[in-house]
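Keeping their order, the protein sequence lines are chains G, C, D and H.
First residue of the first sequence? That's 1 in my numbering, and the numbers climb one at a time after it.
First residue of the second sequence? That's 353 in my numbering, and the numbers climb one at a time after it.
First residue of the third sequence? That's 705 in my numbering, and the numbers climb one at a time after it.
First residue of the fourth sequence? That's 1057 in my numbering, and the numbers climb one at a time after it.
In this text, a Cβ means the ideal position worked out from N, Cα and C, and glycines have one as well.
These numbers come from a predicted model, not from an experiment.
Worksheet: the structure to be examined is printed underneath.
There are 4 protein chains.
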Amino acid sequence: MTTNRKDRVAILGATGYGGGELLRLCLQDPKVEVVFATSRNRAGVPVEKVHRNLTGVSNLAFTDPTHEQLTVECDFIFGALPHGASAEVLGPLVDAGKRVIDLSGDFRLKDMDEYRKWYGREHPRPDLIASAVYGCPEVNRQAIAKARLVASPGCFATAINLALLPAASEGMLTGRPSVVALTGSSGAGATVRETTHHPVRAESARAYKVLEHQHVPECVQTLREAGSPALDGLDFTPVSIPIIRGIIAIATAKLRDPVTELQLRDLYELYYNKEYFVKTVLDREPECQSIAGTNFAEVRPRRTPAGELHAICTLDNLVKGGAGQGYQCYRLMSPNQPDETAPPLGWLGTWP
Amino acid sequence: MTTNRKDRVAILGATGYGGGELLRLCLQDPKVEVVFATSRNRAGVPVEKVHRNLTGVSNLAFTDPTHEQLTVECDFIFGALPHGASAEVLGPLVDAGKRVIDLSGDFRLKDMDEYRKWYGREHPRPDLIASAVYGCPEVNRQAIAKARLVASPGCFATAINLALLPAASEGMLTGRPSVVALTGSSGAGATVRETTHHPVRAESARAYKVLEHQHVPECVQTLREAGSPALDGLDFTPVSIPIIRGIIAIATAKLRDPVTELQLRDLYELYYNKEYFVKTVLDREPECQSIAGTNFAEVRPRRTPAGELHAICTLDNLVKGGAGQGYQCYRLMSPNQPDETAPPLGWLGTWP
Amino acid sequence: MTTNRKDRVAILGATGYGGGELLRLCLQDPKVEVVFATSRNRAGVPVEKVHRNLTGVSNLAFTDPTHEQLTVECDFIFGALPHGASAEVLGPLVDAGKRVIDLSGDFRLKDMDEYRKWYGREHPRPDLIASAVYGCPEVNRQAIAKARLVASPGCFATAINLALLPAASEGMLTGRPSVVALTGSSGAGATVRETTHHPVRAESARAYKVLEHQHVPECVQTLREAGSPALDGLDFTPVSIPIIRGIIAIATAKLRDPVTELQLRDLYELYYNKEYFVKTVLDREPECQSIAGTNFAEVRPRRTPAGELHAICTLDNLVKGGAGQGYQCYRLMSPNQPDETAPPLGWLGTWP
Amino acid sequence: MTTNRKDRVAILGATGYGGGELLRLCLQDPKVEVVFATSRNRAGVPVEKVHRNLTGVSNLAFTDPTHEQLTVECDFIFGALPHGASAEVLGPLVDAGKRVIDLSGDFRLKDMDEYRKWYGREHPRPDLIASAVYGCPEVNRQAIAKARLVASPGCFATAINLALLPAASEGMLTGRPSVVALTGSSGAGATVRETTHHPVRAESARAYKVLEHQHVPECVQTLREAGSPALDGLDFTPVSIPIIRGIIAIATAKLRDPVTELQLRDLYELYYNKEYFVKTVLDREPECQSIAGTNFAEVRPRRTPAGELHAICTLDNLVKGGAGQGYQCYRLMSPNQPDETAPPLGWLGTWP
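See the structure below:
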């Protein structure tokens, strides 16, 4: 049941691209009141100066509220802060009873040794790990709805997970899947750097963090928990390509038992049939453009000649792979909200 | 006053990019039922096979209905047909009392000599010209609301008109404005051709139809009627650039009387203050990206050192410069529809 | 020893991108006289009308010479014709004693069953297969120098081969390597099609011919012959991305015996040390842009945690992956030519 | 007459894109020895780490030589330093008798008031202005050959000048030409900034420095000196577009006396007939891609219906609009050098 009451939300770290997408969605949601869009450096600056798609549609300005303001005036807190800083800021808000959705990687891993290894630091709030829910609705919908702390998945991790989840849930995965995933430049965020400098990005493709990307452990954790504990790791090669939005993940995985391609197709269709935002496409290839700007993902499974699973997934790294998925989690969490697919989340993107 | 009744609409020529945008908007409009999305060549094909953003959200397929089906089953007809063919198909539907919005150039020009000169053919239905309304809400809102036949403006023409309208409406324009306008590749439509072949488009810029583009006469007609009959023509250079969506028009125009830049800014702000979809931006430059995928336009006026008007306008050629503006006209025409800015038309675009 | 005599060459099928690159290289080569640039459809058209980089630098026009003209007036024949047509046209020229470099796939495969399977037709000239030399200088330099018929490798195949050759040559490869390779749009050629239509290409990425690309068998053949007969196939996923020129291939391959990453690095450096056009890069990632427009390739090997080989190769699909490599073969074949690295082949590309 | 002696050159500020292009050209020039490629911040770093097209082809590293080293060991000095710093560093080298080519704007303007106005500072070496030669070979070839200090023109200025020079030289220009010019992202240099951040650049177009670009005064000065002293200024709107290399300038200018389009075409062809690097194209439009990576420019003149001159020019901002033109000047200056069109300067670019 929904009410006329609005959820009062804060978006912490609202100047980045994740924050901008949260603003776009929340400002158009009749059930949401954005109380704070926070920024330390740009407090006082109208949000439309940074997120220029918002020009003329909101008087909101960035602010730097106190912890007390946040706890008193808000129901939901979105964190769009850097790893490390995120747990430090969000921890006390969880303690204070706020319901929190964290877009950073801080609360995704259950194993603190893994966190230390991949994020290069001690976790500041290991006490909150047990209650944090990994915010992938396609595996944790019920838990998300009741969570007080949701760890919204990484962009690459979402694409890899969606590519492999149906098989993982049947206990089919084993060994070390090999994944190559291509990403648009918005994945690097709003801060300028050489790898997103137009002259060197626009006509090139380049792998980076080869076999070392920090999204690997959350994938392995998720796929194991989903039903494939035999999974032994993941060899992941991220590649930067010159699109703005979009990830395409191409995964090859050993299967425990022989399976036909038809069985794979049926498995995927059945698994995603109930998921509004994940489309199993079997008569064309998944594309980045057909879902750009939206919360949709496209998945296509195949069987290789050697009997392995070959799966492709596309999504928008900032929406289904980021802020959109976090906002989808909020929709599941809020009793005020109707069906998670209602506008603005379920809006269609443009073509071309 | 709006009702619960849905407007029954047909989209003629629905396989192109204009048709696709109309589908995107209409399928998400709770007041609209898309009865027909027509195509002669692709009748029977699901719309999602062509407009891949629609995958999984509609069972609609292209059809090739008879004139009688259109007149019996539809209230509103959108035409997204080629010039020439459009008037031939839409004419009988207007005769039959349907309310028609034509995205082609067929009913934009009042002077049949001009039509012959720029479109290279005799007009098939000159009898309908007098009652056709040029579908630019920023000059013709009241007339559009009552029109039975709306000629939706060209993409370049919309950008040029919006850049110059406030000055034109004050009778300020004289001589021949000089305009350079850059366009994205979607303006060339869905049909492949050499100028939109990625290898020759993606890293180049090239002028075309220099001083010969067919949108010139509709601009001159509109700006004269708006209040500047002294206008003597328009020197227009279109340039193709490697973006998908977007037009940026840069216009320089002689003014009849001296004016300060402050006066120009006030004039533009006042003129567009009441127009939800046109934003006067004075502290940054208009951009293509901030309005991509939306019905918004951005305009910035200046005064040159020699006292001329310099104005820049950006918009999305397929939305405000095409299907979105046509759909905006429909919203004005339909008694069923609430405020023209309601979703899905007023939705915000993404950034970046 | 070189002489002052010029080699007289013909480029058959010179209107495409491969033909254009051959023209660019040959017209700047003081040892080459381009006698014929052939085209059936465009005979009489100056080459600069099609290859606009040649504007003003040559009076050459496309022609449609007879077989006799070709045999009488030319020493070397470059074939840039479609598969199938190529063998039919080139066969008689080989018979006539001309030295031929074929950019098509017609003479690459030794096994005619494989040819039938992947190219969907009977081979028109199986009698020439035995003497055809696969034009990869990094494995066949000596044979190329003496060949009368060179089958220039495919673009993807070159990237995959260069990624794996050092390991293959040591007999290390086994099983079915998994390869994902990304390609620029020029790989699709000069003929417009939907997949290279700018509006749907410029902001997307899409796999195609998944596990079915016709370059697979020439890779398997080459890598087996190079020293790894245990190779059992290749799972290859091509992906189209929005760059104009460039391929990046990412390969993962099982190794017969344990090896350290240091050994792999040494192996690759040693193997490519003598190859001017292949650079082993160990302290950065291979890029498409750093070699765009040139005959260079960049390769980087790694060892995965599970002990497999991970190798990345980048090259320009039209140069090292196409016409440049074919021209490199010609340089090896001609007694008139100095060192294969001399201009124009060894010219540096631009950055960025 | 040329000798076997090599010119010893230094490139000051060699880490930027201008410096990189000078390195590419000089390292391939058999008559040039690059003695120093200077950088204060990156001294000791191999040039190939920054300019990755140079990987493996040179052992050169950036250094930070003393003034004495430069004067003792070099014949020619290329300056690729920022405005202001450039004159301070180059001045003493000119004093020491070195022949200097400055890519910065410091020595382009003859009027020190103009310099102060557009560059916002006092000129550090006004005493050198009189002897500095504006390095546009199409107007100053003889003077360049004898110069000790050449001020290489700005990228936009070169495009605008080449568009208007033939008319200017006949005394035809009057009033204030209106110019819109589009530029690729490499024009912003190697330093990352928001306007070249791929996510906000790749699908947008945006004007900047509207009517305020610092290249205006050097155009006005050049065109007046060329023969049109009646020129009263220039209204220039630069627009950033998402290509890497290339400028397209579109200029409209009043003419003192009536002229036919045929006369304009003849005038341009005659003027540029003797200029190897400037092509008058009359049967197609100038393009950015056909000259990318090269020192060529393309120009097309027209007459507007109102009798004005309409001219389009394209060039590569880093080559003909930057380092290539500076290097062309060096070729004119050096008695060691053959024809300025010899390799590597006259090399053809790729297509597409």
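- A Cβ-Cβ contact shorter than 7 Å links residue 842 of chain D with residue 979 of chain D.
- Around the beta carbon of residue 550 of chain C, 16 or more other beta carbons lie within 10 angstroms, which makes this residue buried.
- Distance from the Cα of residue 1049 of chain D is smallest, within the candidate group D/1042, D/1055, D/1038 and D/1032, for D/1032.
- Counting along the chain, no beta strand (DSSP E) covers residue 1000 of chain D, and no H or E run does either.
- Against residue 983 of chain D, the close residues of chain H are 1111 and 1112, in the order they occur along the chain (beta-carbon pairs closer than 7 Å).
- Nearest in C-alpha terms to residue 1204 of chain H, of all of H/1339, H/1163, H/1349 and H/1109, is H/1163.
- Shortest Cα-Cα distance from residue 635 of chain C to any of G/11, G/55, G/19 and G/13 involves G/55.
- At a C-beta separation below 7 Å, residue 289 of chain G has these neighbours in chain D: 904, 907 and 908.
- Taking a C-beta distance under 7 Å as the contact criterion, residue 162 of chain G and residue 278 of chain G qualify as a contact pair.
- Close to chain G, meaning a Cβ-Cβ distance shorter than 7 Å, are the following residues of the segment 905-939 of chain D: 907, 908, 909, 910, 911, 912, 914, 915, 937 and 939.
- Sequence-ordered contacts of the segment 129-153 of chain G with chain C are nonexistent [C-beta pairs closer than 8 Å].
- When CB distances to chain D are screened at a threshold of 8 Å, the residues of the segment 1065-1087 of chain H falling below it are 1073, 1076, 1077, 1080, 1083 and 1084, in chain order.
- Note on geometry: alpha-carbon atoms of residue 326 of chain G and residue 101 of chain G lie some 6 Å from one another.
- The three-state secondary structure of residue 448 of chain C, taken from DSSP, is coil.
- Apart from sequence neighbours up to five positions away, the residues of its chain that approach residue 411 of chain C with a beta-carbon distance below 8 Å are 398, ordered along the chain.
- Residue 1094 of chain H has H/1119 as its beta-bridge partners, per DSSP.
- Under the Cβ criterion (8 Å, minimum of three pairs), the segment 952-966 of chain D counts as touching the segment 988-1007 of chain D.
- Annotation for residue 83 of chain G: 104, 105, 106 and 119 place their beta carbon closer than 7 Å to its own, counting only its chain and skipping 5 residues before and after.
- Assignment of residue 1086 of chain H by DSSP, reduced to helix, strand and coil, places it in the coil class.
- Remark: C-beta atoms of residue 221 of chain G and residue 907 of chain D do not approach each other more closely than 7 Å.
- Rounded to the nearest angstrom, the gap between the Cα atoms of residue 756 of chain D and residue 1347 of chain H is 8 Å.
- When DSSP states are grouped into helix, strand and coil, residue 1272 of chain H belongs to the helix group.
- Here residue 524 of chain C is buried: its Cβ has 16 or more other Cβ atoms, across all protein chains shown, within 10 Å.
- Of the candidates D/1002, D/1000, D/718 and D/1018, the residue whose Cα lies closest to the Cα of residue 783 of chain D is D/718.
- Contact between residue 368 of chain C and residue 541 of chain C holds, since their C-beta atoms are separated by about 6 Å, short of 8 Å.
- Proximity of residue 404 of chain C to chain G, defined by a Cβ-Cβ separation below 7 Å, is satisfied.
- Under the 7 Å criterion on CB atoms, residue 192 of chain G is classed as interfacial with respect to chain H.
- Annotation: Cβ neighbours of residue 1295 of chain H in chain C (cutoff 8 Å, chain order): 534, 600 and 602.
- Buried is the label assigned to residue 632 of chain C, since at least 16 other Cβ atoms lie within 10 Å of its Cβ.
- Collapsing the DSSP output to three states places residue 1212 of chain H in a helix.
- When the Cα atoms are used, residue 923 of chain D and residue 864 of chain D turn out to be separated by approximately 7 Å.
- Under DSSP, the beta-bridge partners assigned to residue 180 of chain G are G/237 and G/250.
- Contact annotation: residue 35 of chain G and residue 5 of chain G have beta-carbon atoms that are not nearer than 7 Å.
- Under a 10 Å Cβ-count criterion, residue 1128 of chain H is classified as exposed, with fewer than 16 other Cβ atoms of the shown protein chains found around its own Cβ.
- Under the Cβ distance rule, residue 947 of chain D does not count among the residues neighbouring chain H, no pair being separated by less than 7 Å.
- Taking the Cα positions, residue 109 of chain G is about 7 Å away from residue 217 of chain G.
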